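What follows is a set of notes on a single structure, which appears directly below.
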Ligand code: SF4
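Residue numbers (our numbering): 261 to 633.
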């Protein structure tokens, strides 16, 4: 399990190692062919790499074109419930917030699917829940997946970490194609302060959830760190270690990485401890592409339109569009609930598509599809 491997990786030593990287380390990483080591990744996210951003961008663009061509996969998230038993201090859905909770009924879920199809030719959907296994558990998620098949070709979930058997059940008997899970931060001690109570306070259960996904033979696994909690360079290095570990152990799986930036004054009043500038976000994106040529790099609508359009030709391969981050937000409770976070890119699907085309990209709504016209 990855938690065992992580015990041998010191957070503080990793931070020191990143900070001590030199220009020579950066150049050595940039001149390597093939996939890089985590030590190379550390050089690319280090302060020493900042002067080499142009070279990194060119290399990232080259590898992205070689592996993915001009395509950007487009998906849309659907929050089916904001009911949650956790206490994440940075999230408006935390259990102590006296907000209205919603668990969409089956007919409401179908209404949402229909409303999404009216927005654009989406085939990739991400079903998102809070974490309340008693009220919206595996059976509920399975039913939402079953209902989605009439509308979408590719169905992923972002829900509480599950048992291996449950992942297997959802994949094999309900046709779920992939799972995204945010570790949020790999800093084991600080993790407890951000997740003081509830199921999510168990660091090991969450971080080993990715092993359970791999053991269940999940086709696509997405890892995620929430930028703003801990030193981004160290946290991303931990995610790079995790990615390599999973690739070694579950090598038939396709992987994606997600690193949304927390904004100031989002729900819950939590302010980020560390901020990632636009330049640093670019550096991080290039570093991941150069580190791993095949990994999907996903940007959500947390990022502004200008950055998403720019980065679409420089490393990013998957994007959401016209996202609602509140349950039932496309139809049933449009603009009535509290969103989980603030959407910064609020363009319509057509506007996102037009922006990507201006950037020379081909937005793709399903694997075998061509661009939206
Ligand atoms: S981040 Fe997820 S688990 Fe935590 S409170 Fe929000 S919805 Fe619940």
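From the three backbone atoms N, C-alpha and C, an ideal C-beta is built for every residue, glycine too. Please read these numbers as outputs of a predicted model, since none were measured by experiment.
task = Please report how far the alpha carbon of residue 586 lies from the alpha carbon of residue 523, in whole angstroms.
result = For this step, residue 586 is matched to residue 326 along the chain shown. For this step, residue 523 is matched to residue 263 along the chain shown. Distance between the alpha carbons of residue 586 and residue 523 is about 17 Å.
inquiry  = Given the structure, does residue 276 come close to the ligand SF4, in the sense that its CB is under 7 Å from one of the ligand's heavy atoms?
reply    = Numbered from its first residue, the chain shown carries residue 276 at position 16. Incorrect: residue 276 has no Cβ contact closer than 7 Å to the ligand SF4.
key: Three-state secondary structure assigned by DSSP to residue 298   = What you label residue 298 is simply residue 38 of the chain shown in a count that begins at 1. DSSP places residue 298 in helix when its eight states are reduced to three.
task = Measure the CB-CB distance between residue 382 and residue 578 and report whether it falls below 8 Å.
result = In the chain shown, counting from the first residue as 1, residue 382 sits at position 122. In the chain shown, counting from the first residue as 1, residue 578 sits at position 318. Not a contact, by the Cβ cut-off of 8 Å.
task = Examine the Cβ distances between the segment 439–446 and the segment 391–409 and report whether three or more of them are shorter than 8 Å.
result = no
ask   = Nearest to residue 610 by alpha carbon, out of 434, 351, 460 and 623?
value = Position 350 of the chain shown, counted from the first residue, corresponds to residue 610. Closest option to residue 610, Cα to Cα, is 623.
task = Given a cut-off of 8 Å, decide if residue 278 and residue 302 are closer than it, judged by their beta-carbon atoms.
result = Here residue 302 is taken as the residue at index 42 of the chain shown, counted from 1. Here residue 278 is taken as the residue at index 18 of the chain shown, counted from 1. Yes. Within cutoff.
task = Please report the Cβ distance between residue 338 and residue 376, rounded to the nearest whole angstrom; I am assuming they are in contact, meaning their Cβ atoms lie under 8 Å.
result = The residue labelled residue 338 in the question sits at position 78 within the chain shown. The residue labelled residue 376 in the question sits at position 116 within the chain shown. Indeed, because the Cβ distance is near 7 Å, the residues count as touching under 8 Å.
key: Proximity test, residue 351 beta-carbon vs the ligand COA heavy atom, cut-off 7 Å   = Ligands present in the displayed structure are limited to the ligand SF4, and the ligand COA is not among them.
query = For residue 484, which residues does DSSP report across the bridge?
reply = The sequence position of residue 484 within the chain shown is 224, counting from 1. According to DSSP, which records beta bridges pairwise, residue 484 is partnered with 442 and 518.
request  = Compute every distance between the C-beta of residue 390 and the non-hydrogen atoms of the ligand SF4, then say whether any falls below 7 Å.
outcome  = Translated into the one-based positions of the chain shown, residue 390 becomes position 130. True, at least one ligand heavy atom lies under 7 Å from that Cβ.
key: Segment limits, alpha helix (DSSP H) that includes residue 374   = By one-based count along the chain shown, residue 374 stands at place 114. Residue 374 -> alpha helix (DSSP H) spans 366–379.
Three-way DSSP call (helix, strand, coil) for residue 311 in this model = In the chain shown, counting from the first residue as 1, residue 311 sits at position 51. Of the three classes helix, strand and coil, the one that applies to residue 311 here is helix, per DSSP.
request  = Could you say which of 419, 496 and 475 lies nearest to residue 459 if we only look at CA atoms?
outcome  = Your numbering for residue 459 matches position 199 in the chain shown. Here the closest residue by C-alpha is 419.
query = Whole alpha helix (DSSP H) runs in the segment 489–570 with 4 or more residues, listed along the chain?
reply = 492–509 and 538–551
message = Short of 7 Å in beta carbon distance, which residues of its chain neighbour residue 509, apart from the five on each side in sequence? Order them along the chain.
response = Sequence index remark: in the chain shown, residue 509 carries index 249 (1-based). So the qualifying residues of the chain are 474.
query = Quick one: Cα of residue 346 to Cα of residue 355, how far?
reply = Within the chain shown, numbered from 1, the residue matching residue 346 stands at position 86. Within the chain shown, numbered from 1, the residue matching residue 355 stands at position 95. Distance between the alpha carbons of residue 346 and residue 355: 6 Å.
task = May I ask which residues mark the beginning and end of the beta strand (DSSP E) holding residue 593?
result = The count along the chain shown starts at 1 and reaches residue 593 at position 333. Neither: residue 593 is in no beta strand (DSSP E) and is coded neither H nor E.
message = Would residue 369 and residue 404 qualify as a contact pair, given that the criterion is a beta-carbon distance under 8 Å?
response = As a working mapping, residue 369 is identified with position 109 in the chain shown. As a working mapping, residue 404 is identified with position 144 in the chain shown. Contact: yes.
ask   = For residue 441, is the beta carbon positioned less than 7 Å from some heavy atom of the ligand SF4?
value = The count along the chain shown starts at 1 and reaches residue 441 at position 181. Not so, every heavy atom of the ligand SF4 lies at least 7 Å from the Cβ.
ask   = Are the beta-carbon atoms of residue 478 and residue 445 separated by less than 8 Å?
value = Residue mapping note: residue 478 aligns to position 218 of the chain shown, counting from 1. Residue mapping note: residue 445 aligns to position 185 of the chain shown, counting from 1. Not closer than 8 Å, so no.
query = Between the Cα of residue 385 and the Cα atoms of 408, 400 and 364, which residue gives the shortest distance?
reply = Here residue 385 corresponds to residue number 125 of the chain shown, with the count starting at 1. That would be 408, whose Cα lies nearest to the Cα of residue 385.
ask   = So is residue 618 buried or exposed if we call it buried at 16+ other beta carbons inside 10 Å?
value = On the chain shown, residue 618 is found 358 positions in, with the first residue counted as 1. Exposed, by the Cβ-count rule.
query = Is any heavy atom of the ligand SF4 found at a distance shorter than 7 Å from the C-beta of residue 487?
reply = By one-based count along the chain shown, residue 487 stands at place 227. Because no heavy atom of the ligand SF4 lies under 7 Å away, the Cβ of residue 487 does not count as near it: no.
request  = Check the C-beta distance from residue 348 over to residue 455 and give it rounded, since I have them as a contact under 8 Å.
outcome  = Along the chain shown, read from residue 1 onward, the residue named residue 348 stands at position 88. Along the chain shown, read from residue 1 onward, the residue named residue 455 stands at position 195. At roughly 6 Å, the Cβ-Cβ gap stays under 8 Å, so residue 348 and residue 455 are in contact.
query = If you run the structure through DSSP and keep just helix, strand and coil, what is residue 322?
reply = By 1-based counting over the chain shown, the position of residue 322 is 62. DSSP places residue 322 in helix when its eight states are reduced to three.
ask   = Looking only at C-alpha atoms, which of 363, 489 and 457 sits nearest to residue 531?
value = If you number the chain shown from 1, residue 531 lands on position 271. Among 363, 489 and 457, the Cα nearest to that of residue 531 is on 489.
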